[in-house]
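At position 200 of the first sequence (counting the first as 1) the number is 399 in this note's numbering, and the numbers step up by one without a gap. Heads up, the beta-carbon is just placed ideally off N, CA and C, and yes, glycines get one too. Comments concern the structure below.
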Amino acid sequence: MHANDRKREDSIPAREMHASFFDLKSSIESGQPLAFHCDYRENGKLSNLSYATAKGLMEMECSRTEKATLIRYRHFGEYTDSSAREEIKRRFGLGEDMNKVYSRINTDRFMDDAIMRLKGMRVTENDPWETMLSFIVSQFNNIKRIRGIVKSMKERYGESADYGGRAVKLFPTYERISKASVEELMKCGAGFRAKYIKCAAEACAEGFSLEELRRMEYSDAREELMKLSGIGGKVADCILLFGYRRLEAFPVDVWIKRVVEITYMNGRKSKDREIIEFASGKWGDMAGYAQQYIYWYGRMNRIG
DNA sequence: ACCCAGGCGGGCG
DNA sequence: CGCCCGCATGGG
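In structure tokens form, the structure reads like this:
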């Protein structure tokens with residue numbers, strides 16, 4: 200593909216759709232898996248995202264209008280206008296009625312502030328394997344380095360593809376990762392997590408069914424995930440929330456723990472189990488949404 | 001230098 | 001069971 204083709208494709212008019220309560224910036228930056236893999240840019244009121252899947256490449260640009268967010272998108276590869284549109288809707292949970300979500304999780308002053316401040320932040324839905332790898336990498340780690348490690352694995356193990364003149368690297372498959380050695384995986388910066396990554400990839404390659412989990416009860420799926428070495432309760436909940444959109448999952452990390460203890464437990468140290476039960480009782484099947492707002496609002500304001 | 005990061009497995013009492 | 005420790009690595 201050369202300059203001419205590139206020019207021609209860029210002249211394809213972008214499709215448009217509107218969404219209310221949708222903020223791409225916070226949805227991308229709030230530590231969800233999309234942020235770990237995609238190319239995201241921001242300038243002023245515009246934010247751009249491009250991401251590749253096995254089916255093709257998506258480019259979107261968001262801008263705020265008075266009452267909603269305008270999403271302009273182009274697609275390459277196998278996507279059609281309607282499948283691209285559905286892909287965006289699904290990945291960003293745009294089918295969710297945020298008035299309903301907010302009325303369910305706006306239980307107190309703290310949540311009211313968090314919602315006010317982060318209005319439009321969505322829980323995203325990501326590929327289960329991408330989510331699994333990303334959150335195995337996340338343990339005892341920070342977001343910046345998680346992105347670096349995932350990116351490095353993508354460069355090293357991801358297949359190359361060409362969608363309409365755009366050369367992209369796809370997210371590495373579990374088959375590919377399962378064949379890598381632990382030493383090699385360490386070279387991506389994975390550190391002590393390399394053995395867990397290999398173990399999970401091998402399990403998936405040998406029949407651990409990520410699709411099966413979709414049909415299981417939340418608690419059964421969680422238990423199943425935790426059978427894999429390197430996946431504990433927190434990572435399992437992240438996989439279920441961000442990979443399967445199980446909105447009842449409430450991942451408890453160090454930030455959530457601190458913020459919840461300060462805000463709701465009167466500063467008392469609590470066990471993860473207690474925090475999960477508290478959240479589940481308070482926000483029920485929307486606990487995952489509450490979690491994302493508590494997490495990112497807590498971090499934005501350095502609470503804890 | 002020291003501390004922390006979207007935790008987890010293993011070992012010990 | 002619950003508790004405590006080490007763990008790769010890089011940035012503040």
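Practice task
Rounded to whole angstroms, what's the CA-CA distance from Cys387 to Cys437? Just pull it up for me.
Solution key: For the purposes of this step, residue 387 is taken as residue 188 along the first sequence, with counting starting at 1. For the purposes of this step, residue 437 is taken as residue 238 along the first sequence, with counting starting at 1. Per the coordinates, the alpha-carbon of Cys387 lies some 22 Å from the alpha-carbon of Cys437.
Exercise for the section: To the nearest angstrom, report how far apart Gly480 and Met216 are at their CA atoms. Expected result: Working through the first sequence from its first residue, we reach residue 480 at position 281. Working through the first sequence from its first residue, we reach residue 216 at position 17. If you draw a straight line from the Cα of Gly480 to the Cα of Met216, it comes to about 36 Å.
Handout entry: Every unbroken alpha helix (DSSP H) inside the stretch 259 to 303 [4 residues or more]
Key = Within the stretch 259 to 303, complete alpha helix (DSSP H) segments of at least 4 residues are found at 280 to 290, given in chain order.
Problem - Proximal residues to Ile474 (C-beta, below 6 Å), its chain only, five neighbours per side dropped - result: Translated into positions along the first sequence, residue 474 becomes position 275. Closer than 6 Å at Cβ, skipping near neighbours: Val451 and Val459.
Practice task
Give me whichever residues DSSP pairs with His236 in a beta bridge.
Solution key: Position 37 of the first sequence, counted from the first residue, corresponds to residue 236. The partner list for His236 (beta bridge, DSSP) is empty, contrary to what the question assumes.
Handout entry: Residue(s) in a DSSP beta bridge with Val367
Key = Taking the first residue of the first sequence as position 1, residue 367 is located at position 168. Here Val367 is bridged, per DSSP, to Ala360.
Practice task
Over the uninterrupted alpha helix (DSSP H) stretch that includes Ala489, give me the two end residues.
Solution key: Taking the first residue of the first sequence as 1, we reach residue 489 at position 290. From DSSP, the alpha helix (DSSP H) with Ala489 extends over Ala486 to Met499.
Practice task
Locate the alpha helix (DSSP H) running through Ser249, then write down its first and last residues.
Solution key: Mapped onto the first sequence, residue 249 falls at position 50. Per DSSP, Ser249 lies in no alpha helix (DSSP H) segment; the continuous beta strand (DSSP E) that holds it begins and ends at Leu245 to Ala251.
Problem - Three or more C-beta pairs below 8 Å linking the stretch 420 to 428 and the stretch 340 to 358 - result: The stretch 420 to 428, when compared against the stretch 340 to 358, does not touch it at the 8 Å Cβ threshold.
Handout entry: Nonlocal neighbours in the same chain, by C-beta distance under 6 Å from Ser337, ignoring five residues either side
Key = Working through the first sequence from its first residue, we reach residue 337 at position 138. Taking Ser337 as the centre and dropping the five residues before and after it, the same chain places the C-beta of Ile345 closer than 6 Å to its C-beta, in chain order.
Exercise for the section: Kindly list the residues whose CB is nearer than 8 Å to the CB of Ala202, restricted to its own chain and excluding five residues on each side of it in sequence; keep chain order. Expected result: Locating residue 202 in the first sequence gives position 3, counting from the first residue. At Ala202, the pLDDT of 48 sits below 50, so the modelled position is not reliable; the number obtained from the coordinates is stated separately. Listed in chain order, the non-local C-beta contacts of Ala202 below 8 Å within the same chain number zero, local neighbours out to five positions each way being set aside.
Practice task
Just tell me which of Ala251, Gly255 and Asn247 has its CA closest to the CA of Thr268.
Solution key: Locating residue 268 in the first sequence gives position 69, where the first residue counts as 1. With distances taken between Cα atoms, Thr268 lies closest to Asn247.
Problem - the stretch 323 to 330 contacting the stretch 219 to 239, beta-carbon criterion three pairs below 8 Å - result: Because the criterion of three Cβ pairs below 8 Å is met, the stretch 323 to 330 and the stretch 219 to 239 touch.
Problem - Proximity to Glu241 [Cα-Cα], best of Thr252, Leu293, Ala251 and Lys224 - result: Along the first sequence, one-based indexing puts residue 241 at 42. For the residues Thr252, Leu293, Ala251 and Lys224, the minimum Cα distance to Glu241 belongs to Lys224.
Problem - Cross-strand partners of Met510 (DSSP beta bridge) - result: Any property of residue 510 remains undetermined from this structure, which presents the chain solely from 200 to 503.
Exercise for the section: Determine the direct distance from the alpha carbon of Arg273 to that of Arg214, and round the result to whole angstroms. Expected result: Within the first sequence, the letter at position 15 stands for residue 214. Within the first sequence, the letter at position 74 stands for residue 273. Taking the CA atoms as reference points, Arg214 sits about 6 Å from Arg273.
Exercise for the section: Compute the minimum distance between the beta carbon of Lys468 and the heavy atoms of the ligand FAD, and state whether it is under 7 Å. Expected result: As for the ligand FAD, it is missing from this structure, which has no ligand bound.
Problem - Same chain, Cβ closer than 6 Å to Gly442, five either side skipped, listed in chain order - result: Stepping through the first sequence from its first residue, residue 442 is reached at position 243. If we look at Gly442 and ignore the five residues flanking it on each side, its Cβ neighbours are Asn325, Pro327 and Thr330.
Practice task
List the residues that DSSP assigns as beta-bridge partners of Leu256.
Solution key: Reading the first sequence from its first residue, position 57 is the one you call residue 256. As a beta-bridge residue in DSSP terms, Leu256 pairs with Ala251 and Phe275.
Handout entry: Uninterrupted alpha helix (DSSP H) stretches inside the stretch 427 to 456 (no shorter than 4 residues)
Key = Runs of the alpha helix (DSSP H) inside the stretch 427 to 456: 432 to 437.
Handout entry: Beta-carbon spacing of Gly276, Gly363 below 8 Å
Key = The residue labelled residue 276 in the question sits at position 77 within the first sequence. The residue labelled residue 363 in the question sits at position 164 within the first sequence. Contact check for Gly276 against Gly363 passes: the beta carbons are separated by less than 8 Å.
Practice task
State the beta-bridge partners of Glu241 as determined by DSSP.
Solution key: By 1-based counting over the first sequence, the position of residue 241 is 42. Answer is Ser246.
Exercise for the section: For Tyr250, collect the residues of the same chain with a Cβ closer than 8 Å to its Cβ; drop the 5 residues on either side in sequence, then sort them by chain order. Expected result: Here residue 250 is taken as the residue at index 51 of the first sequence, counted from 1. Result list for Tyr250: Leu233, His236, Cys237, Asp238, Leu256 and Met257, in chain order.
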